[in-house]
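Let me begin by presenting the structure, written as structure tokens, before commenting on it.
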Amino acid sequence: MKSPARSRPAHGWITFGLVLCLSACPWAGRAMADTPPQRIVSLNTCTDQLLLMLARRERIAALTYLATRQEISSLWREARGIPQVRGSAEEILMLQPDLVLAGIYTTRYTRKLLEQFGIPVISLPPANDFADVRRHIRQVAEAIGEEKRGEVLVAAFDEDLAQLSATAPRSGVFYRNGGYSMGRDTLSDAVMRAANMENAAAVAGLEGSGFFPLERLVMARPDWLVTSDYKRDAPTLGSRSPRHPVLRALPGGEFVLPGNLTACGGPWNARAVELLAGLPAVD
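When we follow the working numbering, the leftmost residue of the sequence shown carries the number 370, and every step to the right adds one.
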């Protein structure tokens, strides 16, 4: 039996090796220079897409391994051919990045280690409304030295939203596998409100995202059940929730919204608004 005193956690050896690299790698510990970063790595599917819209392709050192999955990213085609990472500090350091974009839920150990090596890391929280979307675009644009492009992108997003025709008020509810829904202060709620659609889950008192019992949904009497194509056909009990006969009987029925339009906050959200705005009012 090994003595606990003799064992060393696996990440301890990794850290030890990286510390040795610190003195051998000329790029390690580099601070952000006056010139815009030229080797940018994204560790988050949302920053993947913002980076693709704001930076020239040759400046992107890597995106996440999910960047080319159509059900997650609305820019999956544009991401093809760009190196991918799974988020470990070792693989990121080997790419010699001068900026890393991440989410606040990206592995804390990885973010902390990158910062110790002097690599700037910008972490974005999830977008809960369109004000967050604009803020994130501007934040990433400023970080990579593309402020003008960022403003153009924000203006185009606002113009897309403004051009949507006013529609008759309707109600709906986002419903996911296992009875998961989105209430107030969520991006999905912002999308529904922009489409002049009342979010039945928010009206029923759901804050943020979480479980929304079928009984409460039926009592809310939404016109439309808005589901997602993400893992729609997964062979699980949870995937059967949106197919319950009671939900099938809603006045408008079910509308399947592409999951990549609301998984992250970005200009692509305008397309989600457009699709929901196109749903007819029901008697």
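Beta carbons are placed, not taken as given, at the ideal position from N, Cα and C, and that holds for glycine.
(request) Would you give the residue range spanned by the beta strand (DSSP E) that Tyr-549 belongs to? (result) Mapped onto the sequence shown, residue 549 falls at position 180. Taken as a continuous stretch (DSSP letters only), the beta strand (DSSP E) holding Tyr-549 covers 549 to 551.
(request) Please confirm if Gly-634 has its CB atom under 7 Å from at least one CB of chain D. (result) No chain D is present in this structure, which holds just one protein chain.
(request) Name the two residues that bound the continuous alpha helix (DSSP H) containing Arg-503. (result) Taking the first residue of the sequence shown as 1, we reach residue 503 at position 134. Start and end: 499 to 512.
(request) Would you mind reading off the limits of the alpha helix (DSSP H) that contains Arg-545? (result) Numbered from 1 along the sequence shown, position 176 holds the residue referred to as residue 545. Looking at the DSSP string, Arg-545 is not in any alpha helix (DSSP H), and its letter there is neither H nor E.
(request) Within its chain, find whatever has a CB closer than 7 Å to the CB of Val-490; leave out the 5 residues flanking it on each side and keep chain order. (result) Stepping through the sequence shown from its first residue, residue 490 is reached at position 121. Excluding residues within five positions, the ones whose Cβ falls inside 7 Å are Val-469, Ala-471, Arg-480, Leu-483, Glu-484.
(request) For the beta strand (DSSP E) containing Ile-687, list its first residue and its last residue. (result) Because the chain here runs from 370 to 652, residue 687 falls outside it and cannot be looked at.
(request) Leaving aside the five residues before and after Arg-539 along the sequence, list all residues of the same chain whose C-beta is less than 6 Å from its C-beta, in chain order. (result) Residue 539 sits at position 170 when you count from the first residue of the sequence shown. Around Arg-539: Met-566, Asp-592, Ala-650.
(request) Take Arg-428 and list the residues in its own chain whose beta-carbon comes closer than 6 Å to its own, dropping the five residues that flank it on each side. (result) Here residue 428 refers to the residue found at position 59 when the sequence shown is read from its first residue. Same-chain partners within the cutoff: Gln-407, Ile-409.
(request) Return the first residue and the last residue of the beta strand (DSSP E) that Ser-557 is part of. (result) For this step, residue 557 is matched to residue 188 along the sequence shown. No beta strand (DSSP E) contains Ser-557, which is instead part of the alpha helix (DSSP H) from 556 to 563.
(request) Would you grab the beta carbon distance between Thr-631 and Val-560 for me? Rounded to a whole angstrom, and I think it's under 8 Å. (result) Within the sequence shown, residue 631 is the residue found at index 262, counting from 1. Within the sequence shown, residue 560 is the residue found at index 191, counting from 1. About 6 Å; that satisfies the 8 Å criterion.
(request) To the nearest angstrom, report how far apart Val-615 and Leu-420 are at their CA atoms. (result) For the purposes of this step, residue 615 is identified with residue 246 of the sequence shown, where counting begins at 1. For the purposes of this step, residue 420 is identified with residue 51 of the sequence shown, where counting begins at 1. Rounded to the nearest angstrom, the two C-alpha atoms are 42 Å apart.
(request) Compute the distance between the beta-carbons of Val-595 and Gly-541, then report whether it is under 7 Å. (result) Looking up residue 595 in the sequence shown gives position 226. Looking up residue 541 in the sequence shown gives position 172. Contact: yes.
(request) Tell me whether the beta-carbon of Tyr-599 lies closer than 7 Å to the beta-carbon of Gly-635. (result) As a working mapping, residue 599 is identified with position 230 in the sequence shown. As a working mapping, residue 635 is identified with position 266 in the sequence shown. No, these two residues do not count as a Cβ contact at 7 Å.
(request) Would you identify the three-state DSSP class for Phe-526, choosing helix, strand or coil? (result) Indexing the sequence shown from 1 puts residue 526 at position 157. Three-state DSSP puts Phe-526 in a helix.
(request) Specify the secondary structure class of Leu-483 as computed by DSSP and reduced to three states. (result) The residue given as residue 483 occupies position 114 in the sequence shown. Three-state DSSP puts Leu-483 in a helix.
(request) Just the C-alpha distance for Glu-447 and Ala-424, rounded to the nearest angstrom, thanks. (result) Taking the first residue of the sequence shown as position 1, residue 447 is located at position 78. Taking the first residue of the sequence shown as position 1, residue 424 is located at position 55. Each residue's Cα considered, the two are about 12 Å apart.
(request) Taking only the alpha-carbon atoms, compute the straight-line gap between Met-551 and Glu-576 and give it to the nearest angstrom. (result) In the sequence shown, the residue the question calls residue 551 occupies position 182. In the sequence shown, the residue the question calls residue 576 occupies position 207. Here the alpha carbon of Met-551 sits roughly 8 Å from the alpha carbon of Glu-576.
(message) Is it buried or exposed, Gln-532, if we count other Cβ atoms within 10 angstroms and call 16 or more buried?
(response) On the sequence shown, position 163 is the one that residue 532 refers to. Its Cβ having fewer than 16 others within 10 Å, Gln-532 is exposed.
(message) Quick check: what's the CA-CA separation for Ala-639 versus Met-422?
(response) To locate residue 639, count along the sequence shown from 1; it is residue 270. To locate residue 422, count along the sequence shown from 1; it is residue 53. So the two alpha carbons sit approximately 15 Å from each other.
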